[in-house]
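Quick note on this note's numbering: the sequence shown kicks off at 3 and runs consecutively. Just so you know, even glycine gets a beta-carbon here, dropped at the ideal spot from N, CA and C. Just so it is clear, the structure is predicted and the values come from calculations on it, not from any experiment.
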Amino acid sequence: MDWITVIFSMVASACLTLAAVHYLVWFRQRDAWANLMFALLVTSTAGMAAIELAMAREESAVAYGQWVRWYHVPVWGVFVSLVGFIHFYFHAGRPWLAWLACGLRTLVLVVNFLTEVSFNYVAISAVKKVDFLGGLASVAEGVPSAWSRFGQFSLLVLLVFVTDVCVSEWRRGKRRTVLLVGVSTLLIATSAVVQTHLVFAGSVQTPIMASVFFMGMVVMMGYELSSRLLRVHELTRQLQQSERHLRASEERLSMATKAASIGVWSLDKQSLTYWVAPSTLALFGEFHGRDLSLEQVLSRMHAGDRSKVRQTLEQVLNVARLFRVEYRMLSSDGSVRWFLSVGRSQVNEKGGITGLAGVTLEITDRKLAEEDLQQKNALLEAIFDSVPGMIYLYNAEGRLLRWNKNFEVLTGYTHDELRDFHVAQWFDGEDLERMTREWERIFTTGQASAELDLIVKGGHKVPYLFTGVRVEMDGKPHMIGVGIDMSEQRRIETELTQQREQLAHFSRVASLGELSGSLAHELNQPLGIILSNAQAAQSLLARDPPDLAEVSDILADIVSADCRAGDVIKRLRALLERGKTTRQPVDLNENLQEVLRLTRSDLIEHDITVSLKLEDNLPQVLADRVHIQQVLLNLIVNARDAMDGTPHEGRVLTLTSAQEGDHVHLTVQDRGCGLPADVDQIFKPFHTSKAHGLGMGLAICRKLVTAHEGRLWAEPNADGGATFHVIFPMLKGAV
Numbered sequence: 003m004d005w006i007t008v009i010f011s012m013v014a015s016a017c018l019t020l021a022a023v024h025y026l027v028w029f030r031q032r033d034a035w036a037n038l039m040f041a042l043l044v045t046s047t048a049g050m051a052a053i054e055l056a057m058a059r060e061e062s063a064v065a066y067g068q069w070v071r072w073y074h075v076p077v078w079g080v081f082v083s084l085v086g087f088i089h090f091y092f093h094a095g096r097p098w099l100a101w102l103a104c105g106l107r108t109l110v111l112v113v114n115f116l117t118e119v120s121f122n123y124v125a126i127s128a129v130k131k132v133d134f135l136g137g138l139a140s141v142a143e144g145v146p147s148a149w150s151r152f153g154q155f156s157l158l159v160l161l162v163f164v165t166d167v168c169v170s171e172w173r174r175g176k177r178r179t180v181l182l183v184g185v186s187t188l189l190i191a192t193s194a195v196v197q198t199h200l201v202f203a204g205s206v207q208t209p210i211m212a213s214v215f216f217m218g219m220v221v222m223m224g225y226e227l228s229s230r231l232l233r234v235h236e237l238t239r240q241l242q243q244s245e246r247h248l249r250a251s252e253e254r255l256s257m258a259t260k261a262a263s264i265g266v267w268s269l270d271k272q273s274l275t276y277w278v279a280p281s282t283l284a285l286f287g288e289f290h291g292r293d294l295s296l297e298q299v300l301s302r303m304h305a306g307d308r309s310k311v312r313q314t315l316e317q318v319l320n321v322a323r324l325f326r327v328e329y330r331m332l333s334s335d336g337s338v339r340w341f342l343s344v345g346r347s348q349v350n351e352k353g354g355i356t357g358l359a360g361v362t363l364e365i366t367d368r369k370l371a372e373e374d375l376q377q378k379n380a381l382l383e384a385i386f387d388s389v390p391g392m393i394y395l396y397n398a399e400g401r402l403l404r405w406n407k408n409f410e411v412l413t414g415y416t417h418d419e420l421r422d423f424h425v426a427q428w429f430d431g432e433d434l435e436r437m438t439r440e441w442e443r444i445f446t447t448g449q450a451s452a453e454l455d456l457i458v459k460g461g462h463k464v465p466y467l468f469t470g471v472r473v474e475m476d477g478k479p480h481m482i483g484v485g486i487d488m489s490e491q492r493r494i495e496t497e498l499t500q501q502r503e504q505l506a507h508f509s510r511v512a513s514l515g516e517l518s519g520s521l522a523h524e525l526n527q528p529l530g531i532i533l534s535n536a537q538a539a540q541s542l543l544a545r546d547p548p549d550l551a552e553v554s555d556i557l558a559d560i561v562s563a564d565c566r567a568g569d570v571i572k573r574l575r576a577l578l579e580r581g582k583t584t585r586q587p588v589d590l591n592e593n594l595q596e597v598l599r600l601t602r603s604d605l606i607e608h609d610i611t612v613s614l615k616l617e618d619n620l621p622q623v624l625a626d627r628v629h630i631q632q633v634l635l636n637l638i639v640n641a642r643d644a645m646d647g648t649p650h651e652g653r654v655l656t657l658t659s660a661q662e663g664d665h666v667h668l669t670v671q672d673r674g675c676g677l678p679a680d681v682d683q684i685f686k687p688f689h690t691s692k693a694h695g696l697g698m699g700l701a702i703c704r705k706l707v708t709a710h711e712g713r714l715w716a717e718p719n720a721d722g723g724a725t726f727h728v729i730f731p732m733l734k735g736a737v
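If you want it as structure tokens, here you go:
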């Protein structure tokens, strides 16, 4: 046995002994949380020592990588229990710093098991032997991982937490404790991490010895805890007899093994017979008697693990070393349980191997958790690749790092072609400018989305809805998001727009059909004037000499009447045209008066008086002029029809306009038959109170107003009749 084995074995043994003592202290005094944290700390340190020794003896690069991966488990235990010990021992420290430190280290542990090799190495190419303390120790040669910087950051948070506690306690006058525990923790932890980092980086050719450094910290903490226990229990210890002291020590050790669910055993090399502690029998629950043969144990072992376990035992019975083996045991009820046995060869004073000694603990829950994690990871990968849209991950520089399989199908590019593809290569023109703005927004506000045309392979553009969320990976900002093909939605939207335009056109035609008699009168008046004036002009021209001055006046009347007829036809044509929706600044007062000119004769025919209350200098709105005229025409015609049963002297149509905040408000008020109890019903399609109505007018009007970001609603008047309200957002910059 060389010094390497001696040192690590002594560290592990000392730590396990201290752990047993302080587990017992906590078991008897459940509020002694500092002792529990210390016990967890030294237990984890023992685990580090065991794995460090295994790494120092390992010759396989693959196995060395596995040891490095599992090394993070006891390191995590040391990290978390150290935070807990400092917190409970000093009763100080900022809780958020403690949680942050533990959370970061836990994240390190998770990432460690998600990487291909380990948290510290991207790849291990070889394991070489170096001289150390008179023996040979294994050192890995490989490519360090960038993730290790994240681990250093978690250590920095830990050191900040410990420093904060030390400063607080120093100010309280507890300087001896701060120097003994706090400062020593800072120095030793920093030294251990520096040595470990230098080994992983290849700067120092020595085995990892963090547990040896931590042993100094354990000694300091143990001394301080022991001093406190000695002071508290000094009188009790003085009165205890030697026999009771020995019995209590044995009991504490037994309770510690039971509390940890650890089975203690030894195997004699000559007889191949086990000696097992009662706790071991209770752990397995399948054997009786404290002396068991190796074959008895192997017979209850899973067939797939027997040869592995037998080979491991034969090796350590021939060559003295530590061993660690996982295996499955079959219970009498047919269930399978996982166990972990860790031990070492026992040698006599002559160096001969006499047997093995070790401990066993059940790891069924851990194995089930690992299998569950593997299944969940496989499920996540399957979900990732089965998403119908795109999923992508970019770094802050815009380089594509990861994507799902459907990304390749939708873009037409292969996996190799997409590697390091820049986000700007997908867009051009205005889409590129907008993408750049949204990209900056993601890294400033955290998220963004945009509809852009993606340039796929071959130059074809496809509309997509892209989303992006900022995430932190390896301490650097990244963007993850999804892309959804919007081609079908755009096609549907185009069809809906066309159908809405067609329906609106039909509604305008129907509304004008109701006014056909009045419109004919509007045209007959100027046409009659033109005819009578033309006949008069013919008579005047037939005179000798002709009366040219009178003919000139008649021609002026003809031109005026013609213009009037032309205006009527122009307004009709504007309403009847099926053109594309065009929004422009519109004066609602002017629009309202145009509709009134169109319906003037019809309102006169129905003996309706129009009352106008229009606000001067009314701000303009951004709207489609024809659609607004259609809404106003429909509301005026409905008001006319509603007053058919009203006495002639009470038929008053009141039209108002006013600015309200950043909106323009129009009202159409009648004194007609009023509204039904459920007012909203009148805006539903096919709801009508007219004998020959379709019930589509108000439904279309509401859709047109809503499309202009406005509102249309109706209210009953207190003195009878109804008032229809229409509001539109005011044009930005309008006064």
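- Put simply, of 544, 425, 276 the residue whose alpha carbon is nearest the alpha carbon of residue 362 is 276.
- In the three-state DSSP reduction, residue 142 falls in the strand class (E or B).
- Comparing alpha carbon positions, the residue from 385, 163, 149 closest to residue 97 is 163.
- C-alpha of residue 701 to C-alpha of residue 726: approximately 13 Å in a straight line.
- Rounded to whole angstroms, the separation of the alpha carbons of residue 296 and residue 174 is 60 Å.
- According to the DSSP assignment, residue 681 belongs to no alpha helix (DSSP H), since it is labelled neither H nor E.
- Take the alpha-carbon of residue 401 and the one of residue 368: they are about 38 Å apart.
- As computed with DSSP, residue 394 is found in a beta bridge with 405, 483.
- For the 8 Å CB-CB criterion, residue 660 and residue 730 do not form a contact.
- Leaving aside the five residues that flank residue 123 on each side, the residues in its chain whose CB is nearer than 6 Å to its CB run, in chain order, 144, 147.
- Under the Cβ criterion (8 Å, minimum of three pairs), the stretch 74-82 counts as touching the stretch 43-54.
- By the Cβ-count criterion, residue 437 is buried, with 16 or more other Cβ atoms from all chains shown falling within 10 Å of its own Cβ.
- Membership of residue 613 in any alpha helix (DSSP H) is not indicated; the residue belongs instead to the beta strand (DSSP E) covering 611-616.
- With a cutoff of 8 Å on beta-carbon distance, residue 126 and residue 100 are scored as not near each other.
- Under the three-state reduction of DSSP output, residue 655 falls in the strand class.
- When secondary structure is reduced to three states using DSSP, residue 424 falls in the strand class.
- In this structure, residue 304 lies near residue 330, with their beta-carbon atoms less than 8 Å apart.
- DSSP places residue 346 in the uninterrupted beta strand (DSSP E) bounded by 338-349.
- Bridge pairing for residue 718: 724 [DSSP].
- The continuous beta strand (DSSP E) containing residue 264 extends over residues 264-270.
- Taking the Cα positions, residue 630 is about 22 Å away from residue 683.
- Around the C-beta of residue 621, 16 or more other C-beta atoms lie within 10 Å, and the residue is accordingly described as buried.
- Annotated as distal: residue 466 and residue 433, with beta-carbon spacing of 8 Å or more.
- Residue 199: member of the alpha helix (DSSP H) spanning 186-203, first to last residue.
- Residue 14 and residue 56 have their C-alpha atoms spaced approximately 12 Å apart.
- For the options 623, 86, 439, the alpha carbon positioned closest to that of residue 733 is the one of 623.
- By the beta-carbon neighbour count (other beta carbons within 10 angstroms, threshold 16), residue 5 is exposed.
- In the three-state DSSP reduction, residue 455 falls in the strand class (E or B).
- Going by DSSP, residue 630 is part of the alpha helix (DSSP H) stretching over 627-644.
- At the C-beta level, residue 666 and residue 657 stay beyond 8 Å of one another.
- Inside the stretch 19-107, DSSP marks whole alpha helix (DSSP H) runs of 4 or more residues at positions 35-59, 63-92, from first to last along the chain.
- Between residue 355 and residue 407, the gap from beta carbon to beta carbon reaches 8 Å or more.
- DSSP places residue 149 outside any beta strand (DSSP E), giving it a letter other than H or E.
- With a 10 Å radius around the Cβ and a threshold of 16 neighbouring Cβ atoms, residue 155 comes out exposed.
- 8 Å or more divides the Cβ of residue 301 from the Cβ of residue 357.
- At the C-beta level, residue 674 and residue 723 come within 8 Å of one another.
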